[in-house]
Amino acid sequence: MTQVLINGAPEAPNRVLLAHGAGAGMEHEVMAYLAQGLGDEQIQVVRFEFPFMQKTRLDGRRRPPDRAPTLLACWRKMLEEFSHPRLFLAGKSLGGRIASLLVDELTMNELSPLGLIMLGFPFSPPNKPHLFRGEHLAHLNTPSLLVQGERDAFGNKAAVANYPLSPAIEVLWVTDGDHSFNPRKKSGTTLDNNLNAIIHAMRNFILAH
């Protein structure tokens, strides 16, 4: 079985599978904070790592992400191992982007996740808007929540306003947040405040579906 971290009770009525981004694994402080917060709300969160991050954990050497077929296969394996009557897919950056590529396909078979949560979607690398990775979001059918920092270098509020997003996608803008939802001191808010707002929005989204 895949190595995972689990927050929340086994009997929780809702389960979230949470994937990490390209630069940090499942123990990253943002991942841990969100998982603990949702677990406290009676939502079980199962965190896991893609193969490239599993290898980094073993030898400490940073690696680029695996290619898409490997990442998609990892997601499918998790869905088979941790199926649940009320299952939601969630991912930070890369993890959310890969989930968004297969979630519509899954809703048409026995795995049937009820929704998708994308945390800091990487629309394009910083200063490279021509490398756009969000075309498919215009056609997404699965109920989805996009959580994006207002200053996210991979897709800020001004840029995303011009992107065609499916009506199935709700958007939460995180106050003055960067790609990890960190605000500047002058913003008047804190990272904890932003993460608590994200937990609240995720909880409401899950309970609504």
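With the first letter of the sequence shown counted as 1, position 90 gets the number 90 in full-length UniProt numbering; the numbers rise by one all the way through. Glycine included, each C-beta is placed from N, C-alpha and C at the ideal position. Remember, predicted model here, so these are calculated numbers, not experimental data.
Residue i classed as buried or exposed, judged by whether at least 16 other C-beta atoms fall within 10 angstroms
i: Glu27; result: exposed
i: Pro69; result: exposed
i: Glu49; result: buried
i: Arg57; result: exposed
i: His20; result: buried
i: residue 210; result: Any question about residue 210 goes unanswered here, given that the chain covers just 1 to 209.
i: Leu207; result: exposed
i: Asn162; result: exposed
i: Asn141; result: exposed
i: Glu125; result: Here the sequence assigns Pro to residue 125, which means Glu is not the residue at that position. Pro125 is exposed by the Cβ-count criterion.
i: Gln3; result: exposed
i: Asn127; result: exposed
i: Gly155; result: buried
i: Gly60; result: exposed
i: Arg62; result: exposed
i: Asp192; result: exposed
The beta strand (DSSP E) enclosing residue i, as first and last residue numbers
i: residue 238; result: No statement about residue 238 is possible, as the shown extent of the chain runs from 1 to 209 and does not include it.
i: Leu58; result: Premise fails: Leu58 lies in the alpha helix (DSSP H), 51-59, not in any beta strand (DSSP E).
Residues bridged to residue i (per DSSP)
i: residue 210; result: For the chain, the structure presents residues 1 to 209; residue 210 sits outside this window and is missing.
i: residue 210; result: For residue 210 there is no data in the structure shown, the boundaries of the chain being 1 and 209.
i: Leu5; result: Arg47
i: Ala19; result: Phe48, Gly91
Host alpha helix (DSSP H) of residue i (start-end)
i: Phe88; result: Run containing Phe88: none in the alpha helix (DSSP H); it sits in the beta strand (DSSP E), 87-92.
i: Gln36; result: 29-39
i: Met118; result: Here Met118 belongs to no alpha helix (DSSP H); instead the beta strand (DSSP E) covers 115-119.
i: Asn193; result: 191-208
i: Met78; result: 68-81
i: Ala159; result: 157-160
For the segment 164-184 against the segment 64-83, do three or more pairs of beta-carbon atoms, one drawn from each stretch, fall closer than 8 Å, so that the two count as touching?
no
Contact the segment 30-39 vs the segment 128-148: 3+ CB pairs below 8 Å:
no
Evaluate the contact criterion for the segment 59-66 versus the segment 82-90: three or more CB pairs, one atom per stretch, below 8 Å.
no
The segment 37-49 / the segment 137-153 touching (three or more Cβ pairs under 8 Å):
no
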